[in-house]
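Residue numbers (the numbering used here), protein chains in the order written: chain A, 101 to 348; chain B, 8 to 273.
Written out as structure tokens, the structure reads:
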């Protein structure tokens, strides 16, 4: 237990000490929010679907969490050779505790980043429809963060070096984001695309967040919660298993 | 196998896709001894250390570390040794003290003795004054010293050092070795180190095993190796045994990462 706690604490300490990185990592979501939010706003309005910034913000929050989580999981590729992780791999601590500590730490950081983006979106004019449903939004943020940190960990446990990183980004992470409905409504899509989006786990995260923040849902919040809950558990299991098999 | 041996290795083999990185080696290290594994790059030194320290499972052979088997008594083995890796494994964003504290928690050092022990060791490696500095502000030599102090923190029986002085200047190298010798006596810890510097092996180690192409080709004291090969220096002995001095290898994925690390400084 101590090992899990101190690994978690380490991630938080690192996060709080790297102000430059925090600010830097907010640049992309902010750009998306402003450029897309205000850029597509008028078209969206004309189509009669409502306020695009309002629609987009939950998607951008999900995007922030997705990227931060996957990166933090995949940092393990580096960490197992040049970082601190190697030190933990020879310690008399069960591998699963190390994996859990690290994943919880990474997920906490990703959730914090998501909260920061949500706070910033207020400056751009976003408003949460019903403040009492904020705890639900928080739950969805945590589930997204846990799932994708574990996902990154699982991949990093298999990969030996950073060469495969670009491949994962372009063929897994980017499609996860673009097909999740973070940027567009899932209603009335061409049939094939519609099917693909229902297979994208992030779509349920975005949908849940949207439900909690602006009261608009596609799949239904209970479905979202169940899908993400099962996904997070499964990925944590797979991640732990692969992590325990790491040989250097 | 003798009673006093703290590391016992018999017919140890590691194959990667049919290629034998370590090929049927056997040796023993006595308690309290300083033992050197000497060999050119790619000889199988690091692979051997990884197997001894539970990071890699062997293809074949037997090992006993402090009486435990690294394959199925991992926790007992892991508590028995401390290690300084070839590539630094400190957390740069944490302070020297925090790095030590972290290690103490991982190895379940009781919190009562934790503080005193960390202070004692940081003083030995002359980093106590810098305990509150972030590790990223440290020089290569300081990082190594901190890693050595950390490796010994939980009172291990054995200290593994994988190329501990690689990339350090001669003065720093001397310092590092004086700390290690000091700890070897003060803490009664057995030291197993790998190096490709002949002078280091000869000066520091009580016994040396020369490894090349995954095989131990000679072992004994520095003097015995010289007599055996009828040469005056260990360097000549080494060349006589391994046949040539220069070894060209294809860069591995790890080398690529090391390179990127140098370029990007992370």
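Glycine included, each C-beta is placed from N, C-alpha and C at the ideal position.
This one's a predicted model, so the numbers in the text were calculated from it and none came from an experiment.
Practice problem: Confirm, please, whether the CB-CB distance from residue 37 (chain B) to residue 71 (chain B) is below 8 angstroms. | Solution: no
Quiz item: How big is the Cα-Cα spacing for residue 133 (chain B) and residue 188 (chain A)?
Solution: 25 angstroms
Practice problem: Count the other CB atoms, across all protein chains shown, that sit within 10 Å of the CB of residue 96 (chain B); report buried if there are 16 or more and exposed otherwise. | Solution: buried
Quiz prompt | Within-8 angstroms CB hit, residue 119 (chain A) to chain B | solution = no
Self-check item: Close-in-space but distant-in-sequence residues of the same chain around residue 265 (chain A) (CB under 8 angstroms, 5 per side omitted)
Solution: 174, 177 and 259
Exercise. Decide if the segment 37-55 of chain B is in contact with the segment 325-337 of chain A; the criterion is three or more beta carbon pairs, one per stretch, under 8 angstroms apart.
Key: no
Quiz item: Is the segment 73-84 of chain B touching the segment 124-143 of chain B in the sense that three or more CB pairs, one from each, lie closer than 8 angstroms?
Solution: no
Quiz prompt | 8 angstroms Cβ cutoff, residue 116 (chain B) in contact with chain A | solution = no
Quiz prompt | Endpoints, beta strand (DSSP E) assigned at residue 180 (chain B) | solution = Run containing residue 180 (chain B): none in the beta strand (DSSP E); it sits in the alpha helix (DSSP H), 177-193.
Self-check item: Closest residue to residue 222 (chain B) among B:33, B:13, B:25 and B:23 (Cα-Cα distance)
Solution: B:33
Exercise. Using the Cα positions of residue 286 (chain A) and residue 256 (chain A), report the straight-line distance between them to the nearest angstrom.
Key: 31 angstroms
Quiz item: For the segment 250-270 of chain A, which residues have a CB atom closer than 8 angstroms to at least one CB atom of chain E, in sequence order?
Solution: Of the protein chains in this structure, namely A and B, none is chain E.
Quiz item: Is the segment 135-153 of chain B in contact with the segment 172-185 of chain B, if contact means three or more CB pairs nearer than 8 angstroms?
Solution: yes
Exercise. Show which residues of chain B have a CB atom less than 7 angstroms away from the CB atom of residue 192 (chain A).
Key: 82, 85, 86 and 114
Self-check item: Residue span of the alpha helix (DSSP H) that contains residue 242 (chain B), given as start and end
Solution: 241-249
Quiz item: If we cut at 8 angstroms on Cβ distances, does residue 95 (chain B) have a partner in chain A?
Solution: yes
Quiz item: Any idea what DSSP makes of residue 96 (chain B), helix, strand or coil?
Solution: coil
Quiz item: Helix, strand or coil for residue 227 (chain A) per DSSP?
Solution: coil
Quiz item: Since residue 241 (chain A) is in the alpha helix (DSSP H), which residue starts that stretch and which ends it?
Solution: 234-258
Practice problem: Pull up the CB-CB distance for residue 89 (chain B) and residue 171 (chain B), whole angstroms please, since I reckon it's below 8 angstroms. | Solution: The Cβ separation is near 12 angstroms, so there is no contact.
Quiz prompt | Proximity of residue 106 (chain A) and residue 109 (chain B) at Cβ, strictly below 8 angstroms | solution = yes
Practice problem: Kindly list the residues whose CB is nearer than 6 angstroms to the CB of residue 157 (chain A), restricted to its own chain and excluding five residues on each side of it in sequence; keep chain order. | Solution: 221 and 226
Self-check item: chain B residues whose Cβ lies nearer than 7 angstroms to that of residue 348 (chain A)
Solution: 57, 62 and 63
Quiz item: At a cut-off of 7 angstroms, is residue 15 (chain B) close to the ligand FMN when judged by its beta-carbon and the heavy atoms of the ligand?
Solution: Looking at this structure, you won't find the ligand FMN or any other ligand, since it has none at all.
Quiz item: Out of curiosity, what's the CA-to-CA distance linking residue 267 (chain A) and residue 171 (chain A)?
Solution: 14 angstroms
Self-check item: residue 83 (chain B), enclosing beta strand (DSSP E) - first and last residue
Solution: Premise fails: residue 83 (chain B) lies in the alpha helix (DSSP H), 81-87, not in any beta strand (DSSP E).
Quiz item: Taking Cβ to Cβ, would you say residue 43 (chain B) is nearer than 8 angstroms to residue 107 (chain B)?
Solution: no
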